[in-house]
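Student:
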Amino acid sequence: MSTTENRGQFGSKLGFILSAAGSAVGLGNIWKFPGKAYFCGGGAFLIVYLIIVALIGTTVMMAEFTVGRKTHKNAVGAMRELNSKWSWVGGLGVLTGFIILCYYCQVGGWAIKYIVAYITDVQTVWADPTAYFLNNLLGADGTFPVQGAVIYPFIFLALTAYIISHGTAGIEKMSTILMPVLFIMLIGLMIRACTLPGADEGLAYMLHVDFSTINGVAILTALGQAFFSLSLGMGVMMTYASYLSNEDNLVSNTAIVCTLDTMVALFAGFMIIPAVFATGIAPGMGGGFGFATLAGVFMAIPGGQFVGMLFYFLLFFAAITSSTSILEGTIAFLVEEKGVARKKALVVTSVIIFIVGVLYTLSQAHMNLKGIWLSGSGVTFPIFGDFLEYLTDRLLLPAGAFFTTLFVGWVWGTENSIQEATSNGKFKFSLAPIYKVIVKFLDPIAIGAIIVAGMVFDMAIS
Ligand code: TRP
């Protein structure tokens, strides 16, 4: 089947690659990855992460790409077309995306807030970085965090919706501009961080391989992180590939997108960890890492105000090219499956996401960054807390990837998937036999293990 007329299509090969890489490169790479690499043992964690991306990440991505491009449909429609009993897997993905967006837009808004704060009022941020973060963004002092919970997340979500209102053309245009800029900024910041006096200790930490630090938690963390970072498990890559022409090479696209995403994560690690070591700051985890902890780093280095501002621009660019991809997954479903007009779907979805998102930020005020209850705070919505993140990273994303690989491995069939990946033999795919075995066996087993382990253990780091 060829692309239906009313659906968008990516204008160029590079446009697709940059858009898919834009989806993958996000808060996960820059805000989550460095902290995890640090806490899970540096070099050894990097090796485990690389192995997981190479084996599981690439194959799940290719499975999603082939389903999407084969059908040229949104996640639900795609699964339905290949086997009507499986459309609920696409539906699960749409739900997951919706939940992720609720908090993603809040954090994206915080990045904009920090761009503004670093330009206009950096002394206030630096006077007490942790208090600034907790009070101004989360309202931990009992005041309502108008900027952190409402104004800036609203701006972020409105921008996301605006870009998506232009369909694939909007995504492609944004990604072709922002992704190269992001790369250059990241390399610049990494060089700056690695040349700080004392940075070599951080570098040594990241390069020192000691496998005794690798335990079950580290492996599970690496697996969950790989899915989140590569945008897998909720049909986003399926939806993006559905806008690709049948002449595009899915084998090389998979390799390129996985490589770019992993490079950005590594660069971010080699930017943040050396800087943290050089300035002697103990890295905190969770929401505050990119905001409160790094403020300490920027304060301590020459030109820190400018470097900090660049960093938050980077975080914002990474976040918006990802949030648009998640929203597109939901909107494509509502438009194509439910017949809702695109603009209306955007407005209704955004309003709901916004309301839940505000509650998310407000609920954080009652916990510190490790989930410990803070006294003396204002409005309470204790049910949210970090619950949304746990729900998506530990359960829903792995579940989505698990069912996708079961579907491709056993229902639709790896032969069909390989045919699609190579455009019916037009492109070379010498690893096809390995792909087959991994999708059928290794992926479902390994992913099933994360889901169970995630529910059984209370992981120290999510
Ligand atoms: N990959 C993005 C990040 O690293 C987040 C993201 C975008 C995502 N689309 C997704 C995560 C789909 C899971 C599924 O921040």
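Each residue of the sequence shown is one higher than the one before, starting from 474 at the first, in my numbering. Glycine included, every Cβ here is placed at the ideal spot set by N, Cα and C. Just so you know, these numbers come straight off a predicted model, no measurement behind them.
Do the region 664-677 and the region 820-829 make contact, defined as three or more Cβ pairs closer than 8 Å?
Tutor: No, because fewer than three Cβ pairs between the region 664-677 and the region 820-829 fall closer than 8 Å, the two stretches do not touch.
Student: Answer with buried or exposed for Gly-898, where buried requires no fewer than 16 other C-beta atoms within 10 angstroms of its C-beta.
Tutor: As a first step, residue 898 is located in the sequence shown; it is residue number 425 there, counting from the start. Its Cβ having fewer than 16 others within 10 Å, Gly-898 is exposed.
Student: Spatial neighbours of Thr-532 within its chain, please: C-beta separation below 7 Å, excluding the five flanking residues on both sides.
Tutor: Translated into positions along the sequence shown, residue 532 becomes position 59. Cβ neighbours of Thr-532 beyond the five flanking positions: Tyr-908, Ile-911, Val-912, Asp-916.
Student: Out of Phe-489, Phe-876, Gly-564, which one is the CA nearest neighbour of Glu-645?
Tutor: The sequence position of residue 645 within the sequence shown is 172, counting from 1. For Glu-645, the nearest C-alpha among the options comes from Phe-489.
Student: For the ligand TRP, is there a heavy atom less than 6 Å away from the beta-carbon of Asn-889?
Tutor: Here the question's residue 889 lines up with position 416 in the sequence shown. Asn-889 Cβ: outside cutoff for every heavy atom of the ligand TRP.
Student: Tell me the rounded alpha-carbon separation between Phe-790 and Glu-862.
Tutor: By 1-based counting over the sequence shown, the position of residue 790 is 317. By 1-based counting over the sequence shown, the position of residue 862 is 389. Spanning the two alpha carbons is a distance of roughly 21 Å.
Student: Can you give me the start and stop residues for the alpha helix (DSSP H) that Trp-599 sits inside?
Tutor: The residue labelled residue 599 in the question sits at position 126 within the sequence shown. Its alpha helix (DSSP H) spans residues 595-600.
Student: Between the region 712-720 and the region 538-546, do three or more beta carbon pairs fall short of 8 Å?
Tutor: Under the 8 Å Cβ criterion, the region 712-720 counts as touching the region 538-546, having at least three qualifying pairs.
Student: Mark Lys-543 as exposed unless 16 or more other C-beta atoms lie within 10 angstroms of its C-beta, in which case mark it buried.
Tutor: Taking the first residue of the sequence shown as position 1, residue 543 is located at position 70. Lys-543 comes out buried.
Student: Does the Cβ of Thr-597 have 16 or more other Cβ atoms within 10 Å, making it buried, or fewer, making it exposed?
Tutor: Position 124 of the sequence shown, counted from the start, is the residue given in the question as residue 597. By the 10 Å Cβ count, Thr-597 comes out exposed.
Student: Please work out which residues of its chain come closer than 7 Å, Cβ to Cβ, to Trp-559, disregarding the five sequence neighbours upstream and downstream, and give them in chain order.
Tutor: Against the sequence shown, residue 559 aligns to sequence position 86. If the five residues before and after Trp-559 are omitted, its C-beta is found closer than 7 Å to the C-beta atoms of Met-552, Phe-880, Val-884, all from its own chain and listed in chain order.
Student: If I measure Cβ to Cβ from Leu-937 and keep anything under 7 Å in the same chain, skipping five residues before and after, which residues do I get?
Tutor: Outside the shown range of the chain, which is 474 to 935, sits residue 937, and nothing can be said about it.
Student: Along the alpha helix (DSSP H) that carries Thr-712, what are the first and last residues, could you check?
Tutor: As a first step, residue 712 must be located in the sequence shown, where it is residue number 239. Run containing Thr-712: 709-715, per the alpha helix (DSSP H) assignment.
Student: Should Ser-704 be counted as a contact of the ligand TRP given a C-beta to heavy atom distance under 6 Å?
Tutor: Taking the sequence shown and counting its residues from 1, one reaches residue 704 at position 231. Because some heavy atom of the ligand TRP lies under 6 Å away, the Cβ of Ser-704 counts as near it: yes.
Student: Return yes when at least one heavy atom of the ligand TRP lies under 6 Å from the C-beta of Gly-563, else no.
Tutor: In the sequence shown, counting from the first residue as 1, residue 563 sits at position 90. Result no, Cβ not under 6 Å from the ligand TRP.
Student: Quick check on the DSSP output: what are the complete alpha helix (DSSP H) runs of length 4 or more inside the region 723-795, in order along the chain?
Tutor: 723-752, 767-773
Student: Apply the 10 Å Cβ neighbour rule to Gly-753 and answer buried if 16 or more other Cβ atoms are within range, or exposed otherwise.
Tutor: Mapped onto the sequence shown, residue 753 falls at position 280. By the 10 Å Cβ count, Gly-753 comes out exposed.
Student: Whole angstroms are fine: how far does the CA of Val-521 sit from the CA of Val-654?
Tutor: The residue given as residue 654 occupies position 181 in the sequence shown. The residue given as residue 521 occupies position 48 in the sequence shown. So the alpha carbons of these two residues sit roughly 29 Å apart.
Student: Compute the Euclidean distance between the alpha carbons of Glu-810 and Ile-524, then round it to the nearest angstrom.
Tutor: For the purposes of this step, residue 810 is taken as residue 337 along the sequence shown, with counting starting at 1. For the purposes of this step, residue 524 is taken as residue 51 along the sequence shown, with counting starting at 1. The straight-line gap from Cα to Cα measures roughly 37 Å.
Student: Within its chain, find whatever has a CB closer than 6 Å to the CB of Tyr-577; leave out the 5 residues flanking it on each side and keep chain order.
Tutor: Working through the sequence shown from its first residue, we reach residue 577 at position 104. Within the same chain, Tyr-577 has close Cβ partners Ser-796.
Student: Measuring alpha carbon to alpha carbon, tell me which of Leu-705, Ala-765, Val-619, Gly-675 ends up nearest Trp-504.
Tutor: Within the sequence shown, residue 504 is the residue found at index 31, counting from 1. Across the set Leu-705, Ala-765, Val-619, Gly-675, the C-alpha of Ala-765 shows the shortest separation from the C-alpha of Trp-504.
Student: Using 7 Å as the threshold, is the C-beta distance between Gly-570 and Val-549 below it?
Tutor: On the sequence shown, residue 570 is found 97 positions in, with the first residue counted as 1. On the sequence shown, residue 549 is found 76 positions in, with the first residue counted as 1. Their beta carbons are not under 7 Å apart, which means Gly-570 does not touch Val-549 by this criterion.
Student: Just the C-alpha distance for Thr-794 and Ala-926, rounded to the nearest angstrom, thanks.
Tutor: The residue given as residue 794 occupies position 321 in the sequence shown. The residue given as residue 926 occupies position 453 in the sequence shown. If you take the alpha carbons of Thr-794 and Ala-926, they lie about 31 Å apart.
Student: So, using beta-carbon positions, are Leu-611 and Pro-602 closer together than 7 Å?
Tutor: Against the sequence shown, residue 611 aligns to sequence position 138. Against the sequence shown, residue 602 aligns to sequence position 129. Result no, Cβ atoms of Leu-611 and Pro-602 do not sit closer than 7 Å.
Student: Does the distance from the CB of Leu-705 to the CB of Met-534 come in under 7 Å?
Tutor: By 1-based counting over the sequence shown, the position of residue 705 is 232. By 1-based counting over the sequence shown, the position of residue 534 is 61. Against a cut-off of 7 Å, the Cβ pair of Met-534 and Leu-705 comes out as a contact.
Student: So does Val-709 have its beta carbon nearer than 6 Å to some heavy atom of the ligand TRP?
Tutor: Locating residue 709 in the sequence shown gives position 236, where the first residue counts as 1. Indeed, a heavy atom of the ligand TRP lies less than 6 Å from the Cβ.
Student: Following a CB-centred definition, is Asn-502 positioned closer than 6 Å to any heavy atom of the ligand TRP?
Tutor: One-based indexing of the sequence shown puts residue 502 at position 29. Flag set: Cβ of Asn-502 near the ligand TRP.
Student: Whole angstroms is fine: what's the gap from Gly-566's alpha carbon to Leu-869's?
Tutor: Looking up residue 566 in the sequence shown gives position 93. Looking up residue 869 in the sequence shown gives position 396. Spanning the two alpha carbons is a distance of roughly 8 Å.
Student: Look at the alpha carbon of Ala-894 and the alpha carbon of Gly-763, and state the distance between them as a whole number of angstroms.
Tutor: Counted from its first residue, the sequence shown places residue 894 at position 421. Counted from its first residue, the sequence shown places residue 763 at position 290. So the alpha carbons of these two residues sit roughly 38 Å apart.
Student: Measure the CB-CB distance between Cys-513 and Ala-691 and report whether it falls below 7 Å.
Tutor: Along the sequence shown, read from residue 1 onward, the residue named residue 513 stands at position 40. Along the sequence shown, read from residue 1 onward, the residue named residue 691 stands at position 218. A contact, by the Cβ cut-off of 7 Å.
Student: What are the start and end residues of the alpha helix (DSSP H) that includes Pro-653?
Tutor: Here residue 653 refers to the residue found at position 180 when the sequence shown is read from its first residue. Here the alpha helix (DSSP H) through Pro-653 covers 640-667.
Student: Keeping to the same chain, check which residues put their C-beta closer than 6 Å to that of Phe-740; ignore five residues upstream and five downstream.
Tutor: For this step, residue 740 is matched to residue 267 along the sequence shown. Excluding sequence neighbours, Phe-740 sits near Leu-659, Met-663.
Student: Measuring straight from C-alpha to C-alpha, what distance separates Ser-648 and Val-623?
Tutor: As a working note, residue 648 is residue 175 in the sequence shown. As a working note, residue 623 is residue 150 in the sequence shown. Approximately 26 Å between the Cα atoms of the pair.
Student: How would you write the range of the alpha helix (DSSP H) that Leu-632 sits in, first residue to last?
Tutor: As a first step, residue 632 is located in the sequence shown; it is residue number 159 there, counting from the start. Boundaries of the alpha helix (DSSP H) harbouring Leu-632: 625-637, taken from the DSSP string.
Student: Anyone know if the C-beta pair for Ala-517 and Thr-686 falls short of 7 Å?
Tutor: For the purposes of this step, residue 517 is taken as the residue at position 44 of the sequence shown. For the purposes of this step, residue 686 is taken as the residue at position 213 of the sequence shown. Taking 7 Å as the Cβ cut-off, Ala-517 and Thr-686 qualify as a contacting pair.
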